[in-house]
Amino acid sequence: MEENQIKTLTVTELLGMNFFIPEYQRGYRWTKTNVLQLLNDIWEYRQESNNRNTFYCLQPVVVRQAEWQDINGITIKGYELIDGQQRLTTLHRILTYLTLEYLQNNLKSEGYSDDLYSIYYKTRLESKTFLETNNSDNTKPDLYYMSEAYNTIKDWFEDGKRGIPRQVKDEMLKIILPSIIRNDKGEKQLPEWSVQVIWYEIKDITQKSEELFTRLNRGKIPLTSAELIKAKFVNSDSFKGMSDDDKIKRRTQLVQIWDEIENQLNNPKFWAFISNESLTKYSNKIEHLFDIVANKKPSEKDPLYSFIHFFDDRETAKSLWEKWIKVEEIYRSLAYWYSNKNLYHKIGFLIATGTQIGALISIKNKNTKENFENQINDLIANTIDEDWEDLSYDKPNEHSKIINVLLLTNIEITRTNNNSNEFFPFEMYKSITKSLEHIHAQNIEGLNENRRDEWFKWLHSHTNILLNVTNEKEKAQKLIDEVNSIDEKTYKYEDFKGLSEKILALIPNDNTNENEYLHKIQNMALLGLEENISLGNSVFEVKRRKIIEMDKTGAFIPLATKRVFLKYYSPENNQRYSVWTEEERDAYLKEIRNRVELYKPLIIDTNA
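Per this note's numbering, the very first residue in the sequence shown carries number 44; after that it's consecutive.
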């Protein structure tokens, strides 16, 4: 499907167009206050000398190509005006006044490219003709408000408060309908002064207009800040005092850097480093940087929040370039952090655990490089619970705290490995649903009593290892034969439970009281939920084999988790592949402790 089109257009470029207002929209309702606000804003924009070679920008006009019949049954081609009726109608009233009472001629006869654009109302087709006159009509709401708008406009131009009325009319006409000049390449040059609209043309012809209107007014149509900001940057002259050639170079530079930033942000690895959001959240990823500059909070739902932040000063160009430089500086900082192995892992951990990147940029701007990293280390320490060794899986509110500790451990193993250029894969980590896996689980608790497929999956995976892990080969073979002869259609849970206990009795364990460590962090491994479910309530050896298979197929297995199941923490002289031993648990806990204490040194109670 063709992409929606967004650009800025001068009102001059709207001349000759036809617009249609469908019946689902209420009619024209701007009051005297609304009309005066628009007139005063345009006039104030013109009075500020710094605004030269910029434009006064109206909010987006949302349109879609359409055909309809006029009051005489003639087919008209133009645009359905989905949003922007009040603004375009008021501009039409202003231009009608200037045409009738200043030019006293139609626009085309005065040398303009075409006559004033037309607006047709589905519920009142005669409004189109009425808009082109200075008539008054109080009998119908639409016509009443149109009449009042015209009278307000007339009074504003003729009250003498802004100077000689004729000069004011001439100046306003030049602002609203500027001459359009194009260069040798046919590119539009920005007029010295102009009123422009953000033109948002919807290409989807399948959706009903009512649905689009409703979605738009609920903020569901993606009028993205990035698209609007780019249009403004490209069309606004924020390079005062420079030659025309230098202005072109500056604009070219901006577009090139924009593309560089957008390309880098579309790199899944880079995006996962700087954001916890899906890569699909922004159609233009650079908008994330605009959100940072705008201090946009995660709870903010306005899709144009950042756009409004950039242009909340009547569209002046005074600080526009400085704002762009700020965006570029943020990007350069992110790119440097991304390339620096040390900062990549530390900052990546903070972002993954919820620190806002805007806060990190703020800290960076206020500190030297050395102090910045010290601040980063303090933030990391603050993400880890003081009593992290006492955290327990059987307390659901502590799960996220355990995950933070294990994530830090996995990241630190990679960061501190000076013999490898490998970086922690945040893009893979953020693609999984984080979960905690019990390394040792010597029971069938958690299996669904009503899921027969789970019983048989458990039985087969465990009988597959029996002959390899037990010395009682004869008993093991009998259990294997029993499993292979089961009638799965008639088998009952009680039978499964009894058989599973016999199988577990043949599988070695380390003869320690599992209640002392079962839910502690030394028996927890970080794993994706899908992989966790696949492991089920299997014994260590079954899990070990499954982890190896998952790793072979490219599943994301965090490094510390992989080390656990590949017996990395097992003493060389006492490797028992089928058991998660006490020695291994202690070695694993020591690994975690060493990583955490880089940021959060263990406080020893000297009074104990």
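Quick reminder that beta carbons are idealized off the backbone N, C-alpha and C, glycines included.
Quantities reported herein were computed from a predicted structural model and do not represent experimental measurements.
Own chain, CB closer than 7 Å to residue i, minus 5 neighbours either side, in chain order
| i | result |
| --- | --- |
| D334 | S349 |
| T398 | L422 |
| I404 | I335, I373 and S376 |
| N338 | G401 |
| I529 | none |
| K586 | L578 and F608 |
| Y611 | none |
| I114 | L168 and E169 |
Same chain, Cβ closer than 6 Å to residue i, five either side skipped, listed in chain order
| i | result |
| --- | --- |
| T426 | T396 and N447 |
| K120 | E110 |
| D355 | For D355, the pLDDT reaches just 49, beneath the cut-off of 50, and the residue's location in the model is therefore unreliable, leaving the point undetermined. |
| L553 | Leu is not the amino acid found at residue 553; the sequence shown has Asp there. If we look at D553 and ignore the five residues flanking it on each side, its Cβ neighbours are V622, T624 and E625. |
| Q48 | E244 |
| R130 | L101 |
| S268 | E330, F333, L347, S349 and F350 |
| I304 | I329 and Y374 |
| M189 | Y71 |
| S613 | E627 |
Beta-carbon proximity check, residue i vs residue j, cutoff 7 Å
| i | j | result |
| --- | --- | --- |
| T55 | I223 | yes |
| F583 | V607 | no |
| V78 | T195 | yes |
| H442 | N566 | no |
| I125 | L308 | no |
| E432 | R638 | no |
| L58 | V240 | no |
| M593 | E573 | no |
| D428 | K438 | no |
| S463 | H562 | no |
| Y381 | F313 | yes |
| Y140 | K231 | no |
| T132 | Y71 | yes |
| W199 | L82 | yes |
| V106 | Y122 | yes |
| K171 | S161 | yes |
| E153 | L146 | yes |
| A15 | N580 | Within the shown structure, residues of the chain are numbered from 44 to 651, placing residue 15 beyond reach of any answer. |
| S478 | L393 | no |
| E497 | Y536 | no |
| K369 | F353 | no |
Candidates the options: closest to residue i by CA position
| i | options | result |
| --- | --- | --- |
| H135 | I508, I219, E303 and C100 | I219 |
| T51 | P208, E455, E270 and L81 | E270 |
| E470 | P601, Q299, I304 and F173 | P601 |
| K521 | A337, L549, R495 and G571 | L549 |
| N385 | V370, E492 and E465 | E465 |
| R89 | L138, E235 and K204 | E235 |
| D302 | E320, A315 and N327 | N327 |
| S318 | K344, G391, Q250 and S252 | G391 |
| F599 | N408, F467 and E144 | F467 |
| E517 | I546, G541, N493 and K535 | I546 |
| L450 | Q108, I248, D287 and R636 | R636 |
Classification of residue i by the beta-carbon crowding that lies within 10 angstroms, buried from 16 upward
| i | result |
| --- | --- |
| Y642 | buried |
| A568 | buried |
| A603 | buried |
| G127 | buried |
| K273 | buried |
| S279 | Low per-residue confidence applies at S279: pLDDT is 45, beneath 50, and the placement is therefore not dependable, though the value from the model is reported in the following sentence. S279 comes out buried. |
| E634 | buried |
| Q68 | buried |
| E358 | Its pLDDT being 45, under 50, E358 is placed unreliably by the model, and nothing is read from it. |
| P103 | buried |
| N453 | buried |
| N414 | exposed |
| E211 | Correcting the residue type first, residue 211 is Val in the shown sequence and not Glu. It is buried - the Cβ of V211 has at least 16 other Cβ atoms within 10 Å. |
| T142 | buried |
| K389 | buried |
| T53 | buried |
| S543 | buried |
| V532 | Looking at the sequence shown, residue 532 is not Val but Lys. Exposed, because fewer than 16 other Cβ atoms sit within 10 Å of the Cβ of K532. |
Own chain partners of residue i with C-beta closer than 8 Å, once the 5 adjacent residues on each side are dropped
| i | result |
| --- | --- |
| I85 | Y99, M215, I218, I219 and V238 |
| D157 | L58, G59, L150 and K151 |
| L632 | E432, I564 and Q565 |
| E640 | none |
Count the CB pairs spanning the stretch 506-513 and the stretch 464-477 that are closer than 8 Å, and state whether there are at least three. no
Cβ contact (3+ pairs, closer than 8 Å) linking the stretch 500-509 and the stretch 412-421: no
Count the CB pairs spanning the stretch 156-174 and the stretch 54-68 that are closer than 8 Å, and state whether there are at least three. yes
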